Each structure stands twice: as structure tokens, then as C-alpha cells.
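As they're listed, the protein sequences go chains L, G, W and A. Start counting the first sequence at 245; every next residue gets the next number (the numbering used here). Start counting the second sequence at 245; every next residue gets the next number (the numbering used here). Start counting the third sequence at 245; every next residue gets the next number (the numbering used here). Start counting the fourth sequence at 245; every next residue gets the next number (the numbering used here). Note that the Cβ used here is the ideal one computed from N, Cα and C, for glycine as well. Fair warning: this is a prediction, and the values are worked out from it, not measured in the lab.
Number of protein chains: 4
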Amino acid sequence: MPDFQAILENLYQDAMNTSDKGTVASYIPELAHVDKNNFGIHLRTSAGKDYGVGDYKKPFSIQSISKVLALSKAMELIGEDIWKRVDVEPSGHPFNQLALLEIENGIPRNPLINSGAIVIADILVSNLENPKEDFLNYIRDLNGDDTINFNIDVAHSEKVTGFKNYATANLLKSFENLNNPVDDVLDFYFHQCSIEMNCEQLTKAFFFLSNKGNCLSNKIRLTKTQAKRINAIILTCGFYDEAGEFAFEVGLPGKSGVGGGIVALLPDNFVVTTWSPGLNIKGNSLLGMKALEKFTTETKLSIF
Amino acid sequence: MPDFQAILENLYQDAMNTSDKGTVASYIPELAHVDKNNFGIHLRTSAGKDYGVGDYKKPFSIQSISKVLALSKAMELIGEDIWKRVDVEPSGHPFNQLALLEIENGIPRNPLINSGAIVIADILVSNLENPKEDFLNYIRDLNGDDTINFNIDVAHSEKVTGFKNYATANLLKSFENLNNPVDDVLDFYFHQCSIEMNCEQLTKAFFFLSNKGNCLSNKIRLTKTQAKRINAIILTCGFYDEAGEFAFEVGLPGKSGVGGGIVALLPDNFVVTTWSPGLNIKGNSLLGMKALEKFTTETKLSIF
Amino acid sequence: MPDFQAILENLYQDAMNTSDKGTVASYIPELAHVDKNNFGIHLRTSAGKDYGVGDYKKPFSIQSISKVLALSKAMELIGEDIWKRVDVEPSGHPFNQLALLEIENGIPRNPLINSGAIVIADILVSNLENPKEDFLNYIRDLNGDDTINFNIDVAHSEKVTGFKNYATANLLKSFENLNNPVDDVLDFYFHQCSIEMNCEQLTKAFFFLSNKGNCLSNKIRLTKTQAKRINAIILTCGFYDEAGEFAFEVGLPGKSGVGGGIVALLPDNFVVTTWSPGLNIKGNSLLGMKALEKFTTETKLSIF
Amino acid sequence: MPDFQAILENLYQDAMNTSDKGTVASYIPELAHVDKNNFGIHLRTSAGKDYGVGDYKKPFSIQSISKVLALSKAMELIGEDIWKRVDVEPSGHPFNQLALLEIENGIPRNPLINSGAIVIADILVSNLENPKEDFLNYIRDLNGDDTINFNIDVAHSEKVTGFKNYATANLLKSFENLNNPVDDVLDFYFHQCSIEMNCEQLTKAFFFLSNKGNCLSNKIRLTKTQAKRINAIILTCGFYDEAGEFAFEVGLPGKSGVGGGIVALLPDNFVVTTWSPGLNIKGNSLLGMKALEKFTTETKLSIF
């Protein structure tokens, strides 16, 4: 067993010593104002040991990381019926995101790109009684932590600037792959993405995916096969057009968000979360990726 | 000078005798219920002679034909500034309509495809005091006919089913190529397309494009160069992905609408309008195209 | 009737006074070494009057202009069967030239883009006894001038650097839209493009397209309808992704070549050829386009 | 430890009892004539235990499976310099294979699609003294088996029908991403793909990738990190546009070939090879995929 605390501290020092910290997302003011000197990392082993360094208790906007949790909830609710409406293939480069949806007749390439996540949001809106509250409670339950919440300002800012998401949702609607009104689905989607959590909370929330589907409180959330499949999707699709690069460099299923967070996991071993708000040119956390690359190189812990 | 009345009557007989009349557009009930046995044709020479056969006095939904008139009005209002926001190139095949817009950073390929027409609608919304009323009056003036009107039911039906147009407008907005709110622009756009006119009215309305920019009442609407340029755009872009085919077979600038109308013109010679509601597989009036092809073959009147 | 000689002289002076002469094609040494200060223009009316200014008697590489003549010859040989193997629609932007061919199952968009011209070359190789000699003789005949010839060095340079054309021909072959061996077809194609002519010779060679299909010696080359259709294709497809722009600015069917030549024509009126080796960013002669734009603006002679 | 022999025998029985065996590749006669009732499966654990059922000793054409071995050899020869010429991202759908290469300026998406494999072939041609012999010896060495050989007839058939590969290689050449002549590179490539091996031989050849880079004879072929990276590429890119599906259903890095073979592996655990010549609609072995899916479901052995 590696000395995780020492390794995490080294990664933190490396991050502190790196001058190029990437570029903070600037399309909404709430993200633009985050200090890019923040850096947190938190790891939890399957045996229940916790390790945290730096800003691992500061909450941040989880953004696209929420897509994995929304997918898990949708799988809990309707199971394999999801795959009638969304595929499981990597999406390739993003220059043609709507193009892809158009050519492929409204079936999103996977549930972790925006178009696919909007279909998942539509499923949740259809199948939850109080969609926003119920989804928030799902995450609180995964975590055993009732302080987790939406950031209403972030949700509102996404709403008034998210024209590309409106374009996507309307295109899905034109292909009859959206059952609820566009505004309802996107209201849910923007709230889902606005949830704020810290590294430790994310590590705990994702525990069930490293633990055959059973969450921290031992409740069965997914079958073992379902957990395995979500991990496969995370690996092949979790980093947009850098999914191959992340698999190649890091070798773990991992999901990033534009708020600077990354959650990665090794089944039956650990979950690890990094937070560094500066992004690389592809929109993934620059120092988070570097830290995870070093982590798997040093520990020799990867799925490959 | 050919015997236009005899030729038009022959074309009408040919159409009556053709069993395959194409398929009436069915995406909104108001268009779906039109009888596809309607066939009208009307021609007016530069010298002012009128010829009409069949249902040339029955009004129909002009739909995309309105895009030429909207473009003309926009050119009257802001001149060459239009071309900062929309290009003048043919669009090619439609399987990738949004794709194209995405790859080309929100600059529509030309003002006669939907994305370009929505930009033109945005220009009119910005530059007309009462956009809908003023545009309707523009068409009434071109024609000297105050009975022309919107079909509110058609406009409403487009609104509740036009998800692809909402997708397009939101994508334009995401590229900052729409100055007004999406709903305002599309409200105008759906009304513009819902205008009802008959063959004779359309022939008269388009007269200024065959007459160096001067309309029926002799009012100067466009400069000679502007009229020439709009005719060039009509020729290269007026039939979606069948623009080349129409130029090849017919050899006139022409614009079709999904309501089954086609207006074509030979500068300094004539304007001709056909109406036959059945469409071919590309969405252009099947018998209208055939009639115009025979017309130019028999009369040897074309721009080439 | 405008004073063509005076107008042409003005255009020549304008060209001489323009400092930005564009960029000479540099992908083969034979083109790269041409002096970009050359400027020639030649016009011939249907009535047989000739007007020439500047370097209108200096031969240059006609390159893609040859595609129109190859198409005309193919139409003479096999008529409408051409359209089973190539379409007549504008191609749109060139960033996806092979893409287009791939998506559209090996049917080139039109006979004036490279893929389409290679199919036409294949037709000529199949239907001419001695393809290269016969095609050269066809052009000599159109012109009544036996001095016209291939530039063997140019043909050879194209051959050793033309990997994209080899890619295209092999892709056509994979779709079974090439009947002869790739090497045979491209050998013909590279020779066809290497032909050298001057402005006056090109004007004369294209005369039949402005004259209902009858060439200078009054021999019938094409039917009136065939000539009209080729003119339609030239207009919609003759300038690659600037076809719309050329129609919009100039308003004549016109074909450019990377050697700096442009031939344009007004049916029943005139043929005009410009030569200026510097190209704009889209690969069309910069000063040639400007001269033709001024020409149609001043003379008010256009098809629109 | 599961009872591998029993499990493999069950998989064999399932395959025998399945009536839909897919479609044998028919583009060359040598593949078209293979009997689709063949089914072999062979597994070897890291501890050195062997299990084989059915036709696991019958040789078949390894085709694209060779791409992994070519990549491994190239990595041995020039290391990370490979990534200057080819990327590591999944390619998405194949309808636009050349398109992708064109848009991305001649840099193939990954080394396991044809365009990328042709670049790897070019690297081997440049860096091996006797490319074909040396590469064959590399595979023989991995295996400790000198009977492995090319099938010259297969290589020849690929050569005379492989127009799409010629198109690809010429397109690469046009982007200057091919250093050797197209014919030399493709001659090597077609031979590489024509190699014949049986399930047992493939299992043994791939052993080093499951064993931190050390092959059967304990020779170090790659570093541990290099082996891990190749496994990551196999997982994200090994099944063309079904890579996500294979990760999702099977959960192992795996590579298929059009000859009906699939090799998959769990690092530090086992390598398993299936052979069933009938392909599904995406070109991957139908019964091979099903067998591997059942295998990982029953044994619970996967990377996720």
C-alpha cells in the first residue's frame, strides 16, 4: 500500500510550484471569479481510509461531474431503457457537436456530452416526482451530508447565457428525443450542474461506483454490472475529446467539470478527487490532470 | 415573342395529366390539408402583359418565398452591412444544416437557407418600427394590394412545432449573430413565412427584381446592382440542395416555398409564378419545377 | 454597344496600378516562376469583333479551365449518361472535399471540382481512341489553332506532387466510379490541366458556349440545350467555394484556373478572358475577378 | 479462480447453438471462403495455465489485430516520437474516415484505425532494415514460434482491391505525414495484415501487454508505462466505432480483426483470444463479442 498522504502532499507541492495554472472558465461571472490558486485533492480507499491535502474542503461548482450522478440515478430509475435514447460511444472532437446529433438523428453519442446529459435530464424530469429536490436528495444521501446544495446564481447565469444548450435541447426535441418542454428540462439541467461540493464530498459520493454499486451507507444503488458499465462510459467518454489522452496518461475512469474538479477511481481500490480551477485548452483542469497522471505513475495503480 | 397564353395552357394540361403530383408538406395541419390537385401559373412581361391559367388566383402559403422579399427589405434598410453577418455561397446538401453553421462560426452560408433567413429576420426586427406590420405593408406596397395578410394559424403552428428553427436561432445567438431575443425573431420569422398570396400577387411582388429594382408603381426599391445581386443569390441558393439542378434544368433565378409555390424571373423580360402543392423528395414543388423546365425549353428564354 | 477597347484599357490600367497582386501558386515550380506582373484581357463579341489589351497573347497554364472543355467533350461523346456518375450541385467549402465524396458514396458534387473532373477524365479515357491526342485536337479544332500544346514539365510536376488527386482517384475507384486504372486517368488529367493557351485562344475556344453550341468554324459541338446547361454549371460551380461570390459580384458564368486565367461569357453577346497569375486566398485570380467585376458594373452586361 | 476450462466449454457450446453467426468478410476471396462455423477460444493466465476449446489451433488472418503489434514494435523503435504523427483519441463513426483525416490535417485520430496504422507502417518501413522480415520475426519471437507466416495471396488480394487504403495513404502523403513512397508503405501494411495465426499463438503473442511489457521468454519488450498506454489505446480505440460498446459490454482492452479474431486481456491476469469468422454490421466478430461478454459477466473479471 503506497503512502498516500505523502504522495498527495507531493502532488500539492508540485501544483503550488507550477506557474502555468491554466485559464479559469469565464463564460459566467460566478466561475470567472474563482481564484485559480486553489488546489485540493482528496482520496478515500475502499477500506475507508481518508487522505486530504490543500483546499479539499472548499466547495466548488461540480458542473459536468454531475452528469455521472444523473446517469446513475437514471439507471436506477429506468435501467437499460436509457440506451434506446442515447449511445455509449466516445464523441470525438467537439467542433461538430450539434453536427453529430444532426447526422445521427437525435441520438446523442453518449450520456456524458451535453446532448446526452440533456436526454438524461429529461428522463429524470419524467421519472422523479420533484425532480430538482429529489436529485439533490439523491446526492445528499450518497454522501450522508445534507449541507450540499444548488448555487442558484450559477443556475441562473447558465440559463441566460446557455444558448448552445437551448440549441441542443431544441434539436433533440425536433428529433422527438425530449419528452418534456425544453425550458423544464434545461431548468433541471442547469440546477444539476450548479451543485456545489468539495473534493471530500465528491470522493464520498462516487464511492458506490468503486464499490460494486453499494454506497457509503451500504445501500445498493446499482448492480455490480451497472456500476461496471458506468465506469466503462466514464473511461471512454468522461473527458470529451481528451478521453483518449486521459486514459493514456492516467489510466483511470475519470470525469471532469468546467469548475475545475476531476473525480477518478480504481474499482475496489479508491476514489480520488482533485480541484484546480484553471483549465487547459480542451476545458479540463490543467493541474488536476497533471496531478492524477503523476499519481498513477508513482503508485502504479491504474486499470491497465 | 412566344404565345405565352397557349404555352401556359399547355403546361396546365400537362400538369392535369400527370398522375404523380408529389407529396404535400405535412408537418403542420394547415399545409397538410391543401388539395394537391391545385395548379396555377401566372406570367407577367416587362411590357405589362398578364397571362394566367388554372388556380392562379387562389392564395397559398408563400413560406420560404418570403425570404427573398425579406432580404430585399433588409438590403433597402441597411445595404451591404448585411454581408457582415451572412455569406452568399450555396449551402450544399441539407443533412448538415446546423453542422455548417457550427463549423462556420455562426455565419450562415446564404440568406435563403433557414439560418440566413433568421439573421435577416433579426435585421428587420432591429430596423423596423413595427416589424410585422411594416413588413406586411412592404409586400402590400410592392403589389398595390392591401388584401394580402398573414395566416395566424399557420404562424402559430410553425411556432409550436418549429424546434429546429429554435435550435438554429439559439445557435446563432450563441455565436452572437442574433441581436434580438430568440422568441421575438422567430415570432417575426414565422409570421413572415405564413403570408398568403396567389400566383398573380407573387408575380407582381417580384416585378422589381426583373425591373432593375423599380416596382410596379415605379418606386425605386433597390439599385440596379442590388437587384442584380439578389437575382444572383436566388439563382445560386434559391432551391436548397437542388439549386444546381434548377439552374441546370430551368436556367432562371427561382425561389420555391414548401407551400408549393415557385417564382422565377428573366431580368428585363418576365416574372412567372407556379403553384402546385405536391413536393418532390427535396421539398420543392414537383409539377412547378417540371412546368418551368418545359417553359424555358419551349420558349428558349433563359439567362444562359 | 459599349466602347469595349476603352473599357479594357481602363481595366488594364487599374490592374497595373494595384499593388496587391495576390499570390502566385507555388505547389509546382513551373507555376511558381511566373511573373505576377503579367496582366492580359481579351474579349470577342458574338458579332466577331476582337479586343485585346496587355499580355493577352502570352500563353499560360489553363489548369482547371480545361475542366469545362473536358466536360463539353464528354457531353459530345456520351450525352446525358454523364449525370449517372456526377451531380450538378455546387460543392460548398473545400475543407471537406474528400469528406463530401465519402459521404455521398463516390458521386462527385459536380464536374468542375477535382473529383468530378477526374470522373470526366475517366469518361474521356474510355471513349477516346488516343485520349491525350484526341482531346488536344478537340481544343485545337475549337480554336482553329494547331500551335496549342501540353506543357509536359507541368504535367510531370503535377504527377509527382499530386497526392491529393491520387487520394481522390483511389477513393472514386473504391466506390467503383472509375473504370480505368488510376494511373491512366490521372496521366490524362494532368496533361489536360497542363495545356497552355493565351487569353485570345481561350476566348475563341469558349465561343461555342456563348453561341448555342456552335464553334468558330460553325461546326455544331453541342445542342443549344447542352450549351445552356454547361453555362448553368459554370455559373453555379465554376469558382469552387467562391461560386456564389462570383455570381454575386460579376454575374456571368465564369471558370478560373490556378494558373491565373478566368474565362467568362454572356450568352449571345461575348466571351471575355483575363489572365493575372496572382491568386486570392480562395485560389482564384485576384485581379482577374476585380477586372470582371468592374467590367460588368460599367457595361451593365450580366445575365442578371 | 474460476474454472476456466468449464467456462470456455460453455461459451463454445453457446456459439455452436447460435444460428445467427454473422457475415463473413467478402471483399477478398481468401476471406470470403472461410467457413463461418469455425469457433475457437484460448485463454492463458499470468501464472502460465493454458485453456483452449474448439478451433483454437486453426490459423486465420489476423488482419487489424496486427495493428497492436505494429504499434508495439514502433514504440520499441522510436518511443514517444510516435505521438508527433498520430493522436490517441477514439475515432467515432466511420462514415467519415477520410473526412476526419482531412479536417485534422493529416494527423490520424489513433494508431488503430487504418490511417493511423498506415503511419505506423511508415515508421516501421523507415526504422527496420528489412521491414517485412523483421516484423515477422518480431511476432515469431514474441511467440517463440517460427511457423508463423504471411499469407501472400491475402496480401496480394488486398493490394489489388485496397483503393480506400491507397486513397488514405495518398492523403497522408499530401499532408507530409508519410515519409516513404505510398507503394512501399502499403506493401508492408498489406503483408502485416495478412499474417496468419491461431488463437493460441495470438494469446501468447499478446502476453507481454498483460505482463508489464515482458514477453513469454521474459525479454523486456516495453516499459510498464508503455504497456499500460497501449492497453489504454486498445480499450478506447480497438473496436472502431464499437469501442464504447465493447468497453461497456465486455470491460477489457480488446482488438478485433476482419478475419474474425478478437484478442482481449486483463493486465496481470490473463489474455484471451476468440475466433469466429462471422462479423456483425460494424465489422467485428459477432460470436466473439458475445462470448467475451458472457465471459466477463460470469467470471466478474474486468478492468472496471
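- Where ALA291 of chain A is concerned, there is no enclosing beta strand (DSSP E), because DSSP gives it neither an H nor an E.
- For ASP378 of chain A, the CB contacts under 7 Å within the same chain, skipping 5 residues up- and downstream, are LEU372 in chain order.
- Going by beta carbons, ARG473 of chain W and GLU542 of chain G fall outside the 9 Å limit.
- The alpha-carbon separation between ALA449 of chain G and LEU386 of chain G amounts to approximately 5 Å.
- Under the Cβ criterion (8 Å, minimum of three pairs), the stretch 398-416 of chain G counts as touching the stretch 427-439 of chain G.
- The three-state secondary structure of VAL426 of chain L, taken from DSSP, is helix.
- At a cut-off of 9 Å, the C-beta of ALA487 of chain W has a neighbouring C-beta in chain G.
- Look at VAL426 of chain A: its C-beta is under 9 Å from a C-beta on chain W.
- ASN282 of chain L is a Cβ neighbour of GLY504 of chain L, given a cutoff of 9 Å.
- Measuring C-alpha to C-alpha distances from LYS526 of chain A to each of L:GLU333, L:SER263, L:VAL369 identifies L:GLU333 as the nearest.
- Contact between TYR295 of chain A and PHE248 of chain A holds, since their C-beta atoms are separated by about 5 Å, short of 8 Å.
- In the DSSP annotation of this structure, the continuous segment of the beta strand (DSSP E) that includes THR518 of chain L starts and ends at 514-519.
- Separation of ASP331 of chain G and GLY482 of chain G (C-alpha to C-alpha, rounded to the nearest whole angstrom) is 14 Å.
- In the DSSP assignment, LYS472 of chain W falls within the alpha helix (DSSP H) that extends over 468-481.
- Within 10 angstroms of the beta-carbon of LYS463 of chain W lie fewer than 16 other beta-carbons, which makes it exposed.
- LEU416 of chain W is not a Cβ neighbour of SER335 of chain W, given a cutoff of 9 Å.
- Taking a beta-carbon distance threshold of 9 Å, LYS403 of chain L does not count as an interface residue toward chain G.
- Contact between LYS265 of chain L and SER520 of chain L is confirmed by a C-beta separation of about 7 Å, below the 8 Å threshold.
- Its Cα nearest to that of LEU460 of chain L, the residue L:GLY388 stands out among L:ILE347, L:GLY388, L:GLN257.
- Using a CB distance below 8 Å, no part of the stretch 252-263 of chain A faces chain L.
- Residue burial is scored here from C-beta neighbours: ALA291 of chain L has fewer than 16 other C-beta atoms within 10 angstroms and is therefore classed as exposed.
- Going by DSSP, VAL398 of chain A is part of the alpha helix (DSSP H) stretching over 396-405.
- Residue nearest to VAL369 of chain A within the set A:ALA343, A:PHE432, A:LEU356, A:ASP397 is A:PHE432 (criterion: CA-CA distance).
- Around the beta carbon of SER310 of chain G, 16 or more other beta carbons sit within 10 angstroms, so the residue counts as buried.
- Residue-level contact check: LEU275 of chain G does not touch chain L, since none of the beta carbons of chain L fall below 9 Å from its beta carbon.
- Residue burial is scored here from C-beta neighbours: GLN307 of chain W has at least 16 other C-beta atoms within 10 angstroms and is therefore classed as buried.
- For ALA476 of chain G, the chain W residues whose C-beta falls within less than 7 Å of its own C-beta are ALA491, PHE492, GLY495, PHE548, listed in chain order.
- The beta carbon of PRO511 of chain G lies closer than 7 Å to those of SER454, ASN475 in the same chain, with the five residues before and after it left out.
- Of the candidates W:LYS302, W:TRP327, W:SER418, W:SER418 places its Cα closest to the Cα of LEU345 of chain W.
- The DSSP-derived three-state label of GLY505 of chain L is strand.
- Beta-bridge pairing by DSSP links LYS499 of chain G to G:VAL507.
- Proximity of chain L to ASN354 of chain A at the Cβ level (cut-off 7 Å) is accounted for by GLY488, in chain order.
- For ALA491 of chain G, the enclosing alpha helix (DSSP H) begins and ends at 487-493.
- Leaving aside the five residues that flank VAL398 of chain W on each side, the residues in its chain whose CB is nearer than 6 Å to its CB run, in chain order, GLU274, SER305, SER438.
- At a C-beta separation below 8 Å, LEU479 of chain W has these neighbours in chain G: LEU479, THR480, ALA491, PHE548.
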